[in-house]
Amino acid sequence: MSKAVSALEGVSHKGFAEVAEAGLRGMITVRGDLASGAMKKAVKAATGTALPAPRRIVIDGDKAAAWMSPDELLILVPYEAAQDTVAALEKALAGEHHLVADVSDARAVFTIKGARADQVLTKLCPVDMATLAEGEIRRTRAAQVAAAFWKSEAETFTLVSFRSVAGYVMGLLETAARAGGEIA
Amino acid sequence: MGMKRYSAFAIAKGAMSWHQNWERAWRSPAPKAKYDAIIVGAGGHGLATAYYLGKNFGITNVAIIEKGWLGGGNTGRNTTIIRSNYLQDPSAAIYEKARSLYETMSQDLNYNVMFSPRGLLMLGQTEHEVRGYKRTVYANNLQGVETRWIGPAEVKKLVPIINIDGPRYPILGALYQERGGTARHDAVAWGYARACSAMGMDVIQQTEVTGVKTEGGKVTGVETTKGFIGCDRLGMVVAGHASVLAEMAGFRLPIESLALQAMVSEPIKPAIDVVVMANTVHGYMSQSDKGELVIGGGTDGFNNYTQRGSFHHIEETVRALVETFPIISRLKMLRQWGGIVDMTGDRSPILSKTPVDGIFVNCGWGTGGFKSIPGSGWAMAELMARGSSPLTEEFSMYRFREGKFIDESVAAGVAH
Amino acid sequence: MSTRLSKGGRLIDRSKPMGFTFNGKRMQGYQGDTLASALLGADQMLVGRSFKYHRPRGIVASGAEEPNALVGLGQGGRFEPNQRVTTTELFDGAVTESQNHWPSLDFDVGAVNDKLYKFFPAGFYYKTFMFPRAAWKHVFEPIVRQSAGLGKVPTARDEDRYEYAYGFADLVIVGGGIAGLTAALSAGRKGQRVWLIEQTAHWGGRAPVDGVEIDGKPADEWVRTAVETLEKMENVTLRLRTMASGLYDHGYLLAYERVADHTPGDGRPRHRLWRMRAGHVMTATGAIERPLSFAGNDVPGVMLASAVRDYVANWAVSPGDRTVIVTNNDDAYRTALTLLEAGLAVPAVIDARPEAKGALPEAVRARGVRVLTGHGVAKVKGAKRVTGVSVCMQAGEGAEIETIACDAIAMSGGWSPVVHLWSHCGGKLTWDEDHAMFRPDPTRPATGADGAAMVTAIGSANGMLRAADAVADAHMAAGSEGTAPKAVSAEEAPMSPVWIMPEGAGPALRMKMWLDYQNDVKVSDVQLAAREGYESVEHTKRYTTLGMATDQGKLSNINGLAVLSDALHQAIPATGTTTFRPPYTPISIGAIAGEARGEIFQPLRKTPMHDWHEVHGAHWEPVGQWRRPYCYLRTGEGVHDAVNREIRAIRNSVGLLDASTLGKIIVKGPDAGRFLDMLYTNMMSTLAVGKCRYGLMCTENGFLSDDGVVARLSEDTWLCHTTTGGAERIHGWMEDWLQCEWWDWKVYTANVTEEYAQVAVAGPNARKVLEKLGGMDVSKDAHGFMEWREGTLGGFRARVYRISFSGELSYEIAVPASEGRAFWDALLAAGEEFGVTPYGTEAMHIMRAEKGFIMIGDETDGTVIPQDLNLQWAISKKKTDYLGKRAQERSYMVSPDRWKLVGLETLDGSVIPDGAYAVADGVNANGQRNMQGRVTSTYYSPTLNKGIAMGLVKHGPDRMGEVLDFPVDDGKVIKARIVDPVFYDKDGEKQNV
Amino acid sequence: MLTLECPYCGVKAEETELQPGGEAHLKRYGPGSTDEEFDGYMFSRKNPKGVHFERWRHAYGCGKWFLAARCTATLEVFGTYPAQTSEPPAELQAKIKAKRPNWEGYK
Ligand SMILES: Cc1cc2nc3c(=O)[nH]c(=O)nc-3n(C[C@H](O)[C@H](O)[C@H](O)COP(=O)(O)OP(=O)(O)OC[C@H]3O[C@@H](n4cnc5c(N)ncnc54)[C@H](O)[C@@H]3O)c2cc1C
Ligand SMILES: NC(=O)c1ccc[n+]([C@@H]2O[C@H](COP(=O)([O-])OP(=O)(O)OC[C@H]3O[C@@H](n4cnc5c(N)ncnc54)[C@H](O)[C@@H]3O)[C@@H](O)[C@H]2O)c1
Ligand SMILES: Cc1cc2nc3c(=O)[nH]c(=O)nc-3n(C[C@H](O)[C@H](O)[C@H](O)COP(=O)(O)O)c2cc1C
Ligand SMILES: [Zn+2]
């Protein structure tokens, strides 16, 4: 029996772009010295990727590592893998001053798909979408709540918010993507 | 000196001469070399201070020095809300003194300031807010301030355009001050200026105070863009510029200058007959006699002297009010502006002696000092004339050091 | 009369007729019309009444500057008052009505004000209506309000939606006339990211109407090519129907896109508010023609010369059959030519200048039109419509020389550059003597974040009134990339300023010369203001209301301040302008609110169990952005009953509280203990792993700000619980100290509030419920009071804290949020046999009050220090420092007279009302009744079956047993005795089982 | 509507992504300080019309506090820098001095 459910249980809406809650995702906050060798190893162990550069996310299949601040990373793994990953990280960082916290259940994840997906974000985030770099994760706000997003595939953005406001964020996305609202 | 009285009869008489014979409302004198007292700042508080120095204490050798045009500071740009439903004793005392003086101000000054005690509602939208307002009602009853708590049905009756059910924050009732309201802000400054001028005081506009002169720890006068002007007593009443003046005199005030914004809609026929403040969602609204909805909200969070604010505060306010009064969505914003307000550490004013003998400050009214103009002037005049006043007792600039705050955010959150 | 001409009209499509109504009357226009052109085309010149005198008002202008022609547009949820007809595109089925009159537009009772105009000069109300005192509010004010106010109040909820969008550009060019297009071409070629926005539905601005040629082509054609070129540039964005509303600091430009005003109900958002961030802004906003001040210049049929030209050329509408032109410059002669071209009569051109010999006047003379130089208008004839004009010498006092019959007057007093956006952020102006206008002073622009100019004015907005100059200016300002377009237009002789017509007009005429049409401000009013000492232009504005109407003085300001300068005998620049403020023209409040309405008005935070609460009768209470069940209503049950039922259930058996909203912050690192010792008033570094401790936090100013239970998770890791409202605030507070003060301390924090769903299981049967779930050992011995354990319960990963806020045996259990709902369901199932009862915040509040536990926000209000609440036991004496400690040492904080926490018990068992104060004898120096305490929490206790309360009382703890008076409503006084605040289970036996 | 560049992550953040935090470089006075010192630290904050140093948090971003030098009369931003310093960097001070010759310098 799967007792774990995501905040909106995968609800989606189709307007000029398709917006959907993307279900559960393993997420781990790691704080520590990003320059240390142990940190590099820890990330490698957790995601198989290199340590992301400032403001970047490195994605490898269903795993990713994102730079959140000068002393913080976000590790993304499949939901089921979160606990093992926490353990792996803890092990790799043992002896270093660090903090590892499982935040998988504290977040909601959304995808925005379509040729005009960027327009949905243009309405909600004070971000210059045209200058969003390849592999950039942008932490910002979506209307009145904190959010982070990145381009996860061609014509697809992934956006992460806090779990408690998932309904609000979905409301925003659905309204912004409503047919007729295309920015010509 | 004297002045010709204003009345309907005078207007009729004026009409016969095509209104060619009206005299100046105030003189435009050159500064004298020395005054008994100088007030810096011809805003409402400065002018009222001068007025009561003359009226209550017979001190009329007074100059009010203004860097721009009189009434052009916050007095000329506020949302004109008048109320005295404050929680703490010292506040309730001075604001109620002011409110009661507003009742007769037009007659006292022979200038119609259009005091309109149309009723003021502070909406209770959370249980917590309700408890805070009920507490205020009980305090007010003991302070001699007439307020009461009313339920949602009565709110709806007073404000038919209100959305009682939320959806987010249902209106649980309101703290109601029946004799709170509004007044014509410019007229308050003009009426006082006219009365001061008639008493022989000099309102000196377009003259900036650029320095403060002291001798042996005592004030001797001020440097201005029109030269040195001597005085025995100096009142600094410059709101957003209080810190700048204090620095000239060599002391520091617990004041930060922040932009507060307001806006008006295009005029419409009467839509709302009372003043409504919704502090949970941060917005307040009333309708002027000309028909605009007068709307205000919160301050910016950073020091600023530009009289311009950040647009997102306008958005927040407007969102809140559209939620509270859905019909305003299809009205239009006509104009927005900002003023620089003087915020203290406890959001209450300072009426105080200072480290310099003969210098007094009146500032810190922040987002809410229009309503207090006459009371503040009354008290400040007493402080300057006598050295103390029961109304200013608790508002000393030294209270922060003692930890003796007068914190109004306790019940209302904001203080407009 | 005004009519639709049979030929021409560059903007209308005659194959697409559109029906609309005005005051119920059916009318017809064409696609491409504005409401203004459609009304004029249907011979509707009278469109409204003025503000003060209720004078008849007709259309004066053809664009954003229109002061008069405002209508109510639409119906029901789409009704909008004060719609300016000159900037509203016609759509099929539009319903319009005129404003500010009763009973009808033609017969308006309010017009008696006009007859009494002599008694209503500027500021008359400041001088009268003072007696009797109550009369202002009850008699005069209602009359004033009813007769002012223009449009009707909407009554229905808005049916449309609105949205925001964020835009970014190196350069935003405002205004799509030939100057804006030229600049866009140059900047576009340079590869800059350019936005070009235009408020109307058309590119090209004035040039096509004014007969300008560019690069050898008629302006229309050049514009079309320019737009096509720009459309091909990927780095250029073009937007029509988008008005730059305001320019704010650091290049923040607000642009108001009217997406669907002309296609209402088509499913698109009505307005989109662009929040642009521009590297630089160019204002190519053109210029606005000024009216002339002559008596009767407000009679319907008197229009701006350029507007008359626009109506004829753009929409094939003739405002009149016989149009007299009144001017002080050559440009207005273009209007004469346009009218003649359309086959309409121009009986005369009245030119105030001594001579008019330029190419344009000569061309007009050549067509046989009388040109009366050195003349002026003495007075306009007609009331609701111009019937003629009385001509006089400009240099005289207005003696009539002749009357010329006409049904329209086209006036031009010269042009004023549109400098609003330039000025919004402090850009300064300079007076141009030659053209009698204020123009942007390029040496004093508004500056941006880097301190450099953030805006440049170009084209006629920069005072370059001639097409050739406008284009050259724009090309150069935008970097001169590519060849410069060359514009050619007719030569013009200098204009000559005319501020009053005729020069020597006496008071009677001046009282009929309108400056501000909407607000009824006349030349005489401005002069009166000056006479009375309202000399600053800002005083004059406020005293007369000049420029304060919905057009914000676009037509009246310059004329008004010229009159003021004259009255004060000073030069115009010495008078200066009033402050320009956003928006350029009014923007909808709906657009400013954006998408934030209804469900997405504000974020609503939900716990994982939220939906369960919703369907099980939750009576919600907003707590910050969360919504928590206050109690759960069963069918037929009132709130009070539900709360009491919940409390009894917990005291007798077991209840569940969704405590997920409590803040949870991990604090970790070698210096974490030391850090927490600074944060909390008590010691946290000494807490043993596996244990919990209640702690208090104060602001640096000494006041209590939050409280909660801290659990030590490991040697270097603590978990801090905060209040629901405190989670983000306290986390921010921790980071603040760590980043800005103790940045060398090794501590990391993480806010994991939302990672966990948390449930309080409270009541004598709590343990049994958990045991039924099965899993970890929750027995007293294995899991003592104020300890936490990790394990599984019913298969759920759980961290269990044995803490109690109710005074009962109680566990708080945290599980992953994603499993929160399942866990809640499991608890309900396991608890069924014990009648497990979900309870809300109110039951929690009452139970903690029965126990004498304080509540942040009730016992504290930002003015209370822990010492006031007798919480000395939670303030470490050993610590040399903690946040707030120094503050608490100040004289007033250590005063023995501070009000302190006690319990209160009414003598009659009733409940003291919330917020009541205890009085002391006498009054203070300000005549206020002395007080000696107040209630902080007060409830009916179903457990004790009587009212209980806590309060702060002067010297309270030393006065046990004394009785206090609490005056409440209707003169009643409640008597309450000071007692110990712990009302229930004083020895804590119930929670420690 | 200010924009400030976060010195930690390089984002040119707009005001709505930031949280203002008042005067920068405050020296904390704890137990043992005089009433005047404590009052100065807590309340009598600098409020100049001109060059000012202040705290901002990149709240809707990396979460870090940083410091900004800004003119309160024109809103010009001279620079931003990390919070972990007790006075403005020398080169920033020099830059400000060059732009505002009458500025009395940091004190
Ligand atoms: C947008 C806004 C809305 C508000 N809404 C309300 C409300 O609804 N109700 C309410 O009660 N209060 C409100 N207030 C607050 C209220 O406006 C002020 O508290 C009050 O007007 C302050 O009056 P004042 O006389 O102290 O200051 P001001 O009116 O600002 O006067 C100070 C004067 O000092 C002059 N000055 C400064 N420096 C010098 C110098 N060096 N030399 C000479 N002169 C100098 C200034 O030019 C100015 O004219 C609001 C304020 C704003 C900005
Ligand atoms: N001969 C004269 O006296 C005289 C006077 C004024 C103008 N002109 C003529 O005007 C033309 C000048 O061209 P130009 O491009 O400088 O001006 P323009 O008036 O042709 O164009 C300005 C454009 O800006 C738009 N606009 C104004 N404010 C706006 C805002 N806030 N947001 C969006 N759009 C806005 C207007 O709708 C208009 O389309 C020439 O043809 C010139 O001959 C002549
Ligand atoms: C109560 C009140 C009502 C106002 N009504 C109007 C109005 O109807 N029309 C208008 O243009 N401005 C109105 N204003 C705004 C003023 O024009 C002006 O913007 C404000 O006093 C600030 O001055 P400033 O913009 O010159 O700096 C009003 C201001 C206040 C305080
Ligand atoms: Zn950052």
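Protein chains in written order, with my numbering: chain A, -10 to 173; chain B, 2 to 417; chain C, 14 to 1006; chain D, 134 to 240.
Beta carbons: idealized from backbone N, C-alpha and C, even for Gly.
None of these values were measured; they are calculated from a predicted model.
Exercise. Okay, do the stretch 194 to 203 of chain C and the stretch 299 to 306 of chain C touch, 3+ Cβ pairs below 8 Å being the bar?
Worked result: No: the two stretches stay apart, fewer than three of their Cβ pairs being nearer than 8 Å.
For this session: Closer than 6 Å by C-beta to C/Ala500: which residues in its own chain qualify, once you throw out the five before and the five after it? Chain order, please.
Result: Locating residue 500 of chain C in the third sequence gives position 487, counting from the first residue. Taken in chain order, the residues that qualify are Val225, Ile227, Ala480, Ala481 and Val484.
Exercise. When DSSP builds the beta bridges, which residues end up paired with C/Ser331?
Worked result: Within the third sequence, residue 331 of chain C is the residue found at index 318, counting from 1. Paired residue(s): C/Thr16.
Exercise. Who are the near neighbours of A/Ile172 in its chain, counting only those whose CB is closer than 7 Å to its CB and skipping five residues on each side?
Worked result: Start at 1 with the first residue of the first sequence, and residue 172 of chain A comes out as number 183. Gln108 and Thr111.
Problem set entry | Where the beta strand (DSSP E) containing B/Ile407 begins and where it ends | Within the second sequence, the letter at position 406 stands for residue 407 of chain B. Where B/Ile407 is concerned, there is no enclosing beta strand (DSSP E), given that its DSSP letter is neither H nor E.
Exercise. Of all Cβ atoms in chain D, is any one closer than 8 Å to the Cβ of B/Ile407?
Worked result: Numbered from 1 along the second sequence, position 406 holds the residue referred to as residue 407 of chain B. False, the Cβ-Cβ gap to chain D never drops below 8 Å.
Exercise. So does the stretch 519 to 539 of chain C actually touch the stretch 556 to 569 of chain C, counting three or more Cβ pairs closer than 8 Å?
Worked result: By the C-beta criterion, the stretch 519 to 539 of chain C is judged to be in contact with the stretch 556 to 569 of chain C, since at least 3 inter-stretch pairs fall below 8 Å.
Problem set entry | Contacts around D/Leu225, its chain only, beta-carbon distance under 7 Å, and the 5 residues preceding and following it disregarded | To locate residue 225 of chain D, count along the fourth sequence from 1; it is residue 92. Ala202, Phe211, Gly212 and Tyr214.
For this session: Give the single residue among C/Ile338, C/Lys370 and C/Ala372 whose Cα lies nearest to the Cα of C/Leu357.
Result: In the third sequence, the residue the question calls residue 357 of chain C occupies position 344. Out of C/Ile338, C/Lys370 and C/Ala372, C/Ile338 has the C-alpha closest to the C-alpha of C/Leu357.
Exercise. For C/Glu102 versus C/Thr34, is the C-beta distance shorter than 8 Å?
Worked result: Taking the third sequence and counting its residues from 1, the one referred to as residue 102 of chain C is at position 89. Taking the third sequence and counting its residues from 1, the one referred to as residue 34 of chain C is at position 21. No; because the gap between Cβ atoms is not below 8 Å, this pair is not in contact.
Problem set entry | CB of C/Met944 within 8 Å of CB of C/Gly715, strictly | Indexing the third sequence from 1 puts residue 944 of chain C at position 931. Indexing the third sequence from 1 puts residue 715 of chain C at position 702. No; because the gap between Cβ atoms is not below 8 Å, this pair is not in contact.
Problem set entry | Cβ shell of A/Met(-10) (< 7 Å), same chain only, five flanking positions each side left out | As a working mapping, residue -10 of chain A is identified with position 1 in the first sequence. Any reading at A/Met(-10) must be qualified, since the residue scores a pLDDT of 40, below 50, and its modelled position is unreliable; the value itself is stated next. Same-chain partners within the cutoff: there are none.
Problem set entry | Neighbour list for B/Ala188 in chain C, Cβ cutoff strictly below 7 Å | To locate residue 188 of chain B, count along the second sequence from 1; it is residue 187. Identification of chain C residues near B/Ala188 by a Cβ-Cβ cut-off of 7 Å yields Tyr139, ordered along the chain.
For this session: Output yes if chain B places a C-beta closer than 8 Å to the C-beta of D/Thr136; else output no.
Result: As a working note, residue 136 of chain D is residue 3 in the fourth sequence. Cβ-Cβ to chain B under 8 Å: no for D/Thr136.
Exercise. Taking the beta strand (DSSP E) that C/Leu669 falls in, what are its first and last residues?
Worked result: If you number the third sequence from 1, residue 669 of chain C lands on position 656. Gly668 to Asp671 is the span of the beta strand (DSSP E), which, as asked, contains C/Leu669.
Exercise. Rounded to the nearest angstrom, how far is the Cβ of C/Gly259 from that of C/Leu184, given a contact under 8 Å?
Worked result: By one-based count along the third sequence, residue 259 of chain C stands at place 246. By one-based count along the third sequence, residue 184 of chain C stands at place 171. Actually they are not in contact, since the Cβ atoms of C/Gly259 and C/Leu184 sit about 18 Å apart, beyond 8 Å.
Exercise. Under 8 Å between C-beta atoms, does C/Val765 make it to chain A?
Worked result: For the purposes of this step, residue 765 of chain C is taken as the residue at position 752 of the third sequence. Output row for C/Val765: interface = yes.
Exercise. If you count every other CB in all the chains shown that lies within 10 Å of the CB of A/Leu82, and 16 or more means buried, which is it?
Worked result: Numbered from its first residue, the first sequence carries residue 82 of chain A at position 93. Under a 10 Å Cβ-count criterion, A/Leu82 is classified as buried, with 16 or more other Cβ atoms of the shown protein chains found around its own Cβ.
For this session: Measuring alpha carbon to alpha carbon, tell me which of C/Ile186, C/Ser831 and C/Gly387 ends up nearest C/Leu209.
Result: Taking the third sequence and counting its residues from 1, the one referred to as residue 209 of chain C is at position 196. It is C/Ile186.
Exercise. Is B/Ala190 near ligand 3, with its Cβ less than 7 Å from a heavy atom?
Worked result: On the second sequence, residue 190 of chain B is found 189 positions in, with the first residue counted as 1. Every heavy atom of ligand 3 is 7 Å or more from the Cβ of B/Ala190, so no.
Exercise. Are the beta-carbon atoms of C/Tyr1018 and C/Arg290 separated by less than 8 Å?
Worked result: Since the first residue of chain C shown is 14 and the last is 1006, residue 1018 of chain C is not available in this structure.
Problem set entry | Closest Cα partner of C/Gly611 within the set B/Met385, B/Phe371, B/Ser266 and B/Thr325 | As a position in the third sequence, residue 611 of chain C is number 598, starting the count at 1. Among B/Met385, B/Phe371, B/Ser266 and B/Thr325, the Cα nearest to that of C/Gly611 belongs to B/Thr325.
Exercise. Using a Cβ-Cβ cut-off of 7 Å (strictly less than) and excluding sequence neighbours within five positions of C/Lys554, which residues of its own chain qualify?
Worked result: Taking the first residue of the third sequence as 1, we reach residue 554 of chain C at position 541. Counting only Cβ-Cβ distances below 7 Å, and skipping sequence neighbours, we find Gly560, Met561 and Thr591.
For this session: Can you have a look at C/Val936 and say buried or exposed, based on whether 16 or more other CB atoms are within 10 angstroms of its CB?
Result: Within the third sequence, residue 936 of chain C is the residue found at index 923, counting from 1. Exposed.
For this session: Go ahead and label A/Gly4 buried or exposed: buried means 16 or more other beta carbons lie within 10 angstroms of its beta carbon, across all protein chains shown.
Result: The residue given as residue 4 of chain A occupies position 15 in the first sequence. With 16 or more Cβ atoms within 10 Å of its Cβ, A/Gly4 is classed as buried.
Exercise. Comparing the C-beta of C/Cys753 with each C-beta of chain D, is any distance below 8 Å?
Worked result: Indexing the third sequence from 1 puts residue 753 of chain C at position 740. Yes, its Cβ sits closer than 8 Å to a Cβ of chain D.
Problem set entry | Beta-carbon proximity check, C/Arg810 vs C/Val828, cutoff 8 Å | Residue mapping note: residue 810 of chain C aligns to position 797 of the third sequence, counting from 1. Residue mapping note: residue 828 of chain C aligns to position 815 of the third sequence, counting from 1. Yes, the Cβ-Cβ distance between C/Arg810 and C/Val828 is below 8 Å.
Exercise. Any heavy atom of ligand 4 within a distance shorter than 7 Å of the CB on D/Cys204?
Worked result: Along the fourth sequence, one-based indexing puts residue 204 of chain D at 71. No, Cβ of D/Cys204 sits at least 7 Å from all heavy atoms of ligand 4.
Problem set entry | CA-to-CA distance, B/Glu130 to C/Val636, given in whole angstroms | Position 623 of the third sequence, counted from the start, is the residue given in the question as residue 636 of chain C. Position 129 of the second sequence, counted from the start, is the residue given in the question as residue 130 of chain B. Cα to Cα, C/Val636 sits roughly 11 Å from B/Glu130.
For this session: Mind checking who C/Met40 pairs with in its DSSP beta bridge?
Result: As a first step, residue 40 of chain C must be located in the third sequence, where it is residue number 27. Answer is C/Phe33, bridged to C/Met40.
Problem set entry | Cβ neighbour criterion (16 or more within 10 Å) applied to C/Trp149 | The residue given as residue 149 of chain C occupies position 136 in the third sequence. Answer is buried; the Cβ neighbour count reaches 16.
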